[in-house]
Amino acid sequence: MLECFDSRQMKLWRQQIFDIYNGYVDVFEERGLGDELRELLDSLDNLLSILSTKLPYQMKVTKAREFLEDLDRFRAYASRYLGGIADLLYRDVREMINKVFNVEVVEGEV
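The opening position of the sequence shown corresponds to residue 1 in the numbering used here, with each subsequent residue numbered one higher.
Written out as structure tokens, the structure reads:
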């Protein structure tokens with residue numbers, strides 16, 4: 001899946017990031033975590049940009065794993081302030097990553 005990105009697919013994924021942002025921004029802003037949400041989703045957008053370049057597959061997998069580690073840390077941090085909302089965001093972002101890879105990314109395996 002990572003080998004055949006096209007501009008239409010990138011637009012769809014970027015729209016999905018925007019939709020995720022719109023779905024959570026109010027709650028995160030209320031708790032003073034709006035910047036953190038934007039930073040996480042910017043990192044996701046950057047990951048998509050990296051994955052769309054001609055890099056070896058293993059390097060792409062490494063970048064995705066790094067992002068997932070950051071996502072896990074974000075979830076732990078945000079859960080202290082948002083509880084289950086952070087888990088929902090985590091689920092939505094993980095589902096998107098799984099779609100990008102067209103497989104389930106599980107505990108460091110792709």
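Even glycine gets a Cβ: it sits at the ideal position worked out from N, Cα and C.
Residue i versus residue j - alpha carbon distance
{"i": "A76", "j": "S7", "result": "33 Å"}
{"i": "R65", "j": "I85", "result": "23 Å"}
{"i": "Y90", "j": "M59", "result": "23 Å"}
{"i": "I17", "j": "E95", "result": "11 Å"}
{"i": "P56", "j": "Q9", "result": "20 Å"}
{"i": "I20", "j": "I97", "result": "13 Å"}
DSSP state of residue i mapped onto helix, strand, coil
{"i": "L48", "result": "helix"}
{"i": "T53", "result": "coil"}
{"i": "R31", "result": "coil"}
{"i": "G23", "result": "helix"}
{"i": "G83", "result": "coil"}
{"i": "G108", "result": "No answer about G108 holds up, because its pLDDT of 46 lies below 50 and its placement is not dependable."}
Minimum C-alpha distance to residue i - residue among the options
{"i": "L41", "options": "Q9, L68 and Y81", "result": "L68"}
{"i": "N37", "options": "V61, L88 and S52", "result": "One detail in the question is off: residue 37 reads as Leu in this sequence, not Asn. Comparing Cα-Cα distances from L37 to each of V61, L88 and S52, the minimum goes to L88."}
{"i": "F74", "options": "D35, S49, T62 and Q15", "result": "D35"}
{"i": "G83", "options": "Q15, L33 and D19", "result": "L33"}
{"i": "S43", "options": "N98, V93, F101 and K99", "result": "V93"}
{"i": "K99", "options": "L51, D72 and D26", "result": "L51"}
{"i": "K11", "options": "A78, D45 and K54", "result": "D45"}
Residue i and residue j closer than 8 Å at C-beta
{"i": "W13", "j": "L48", "result": "yes"}
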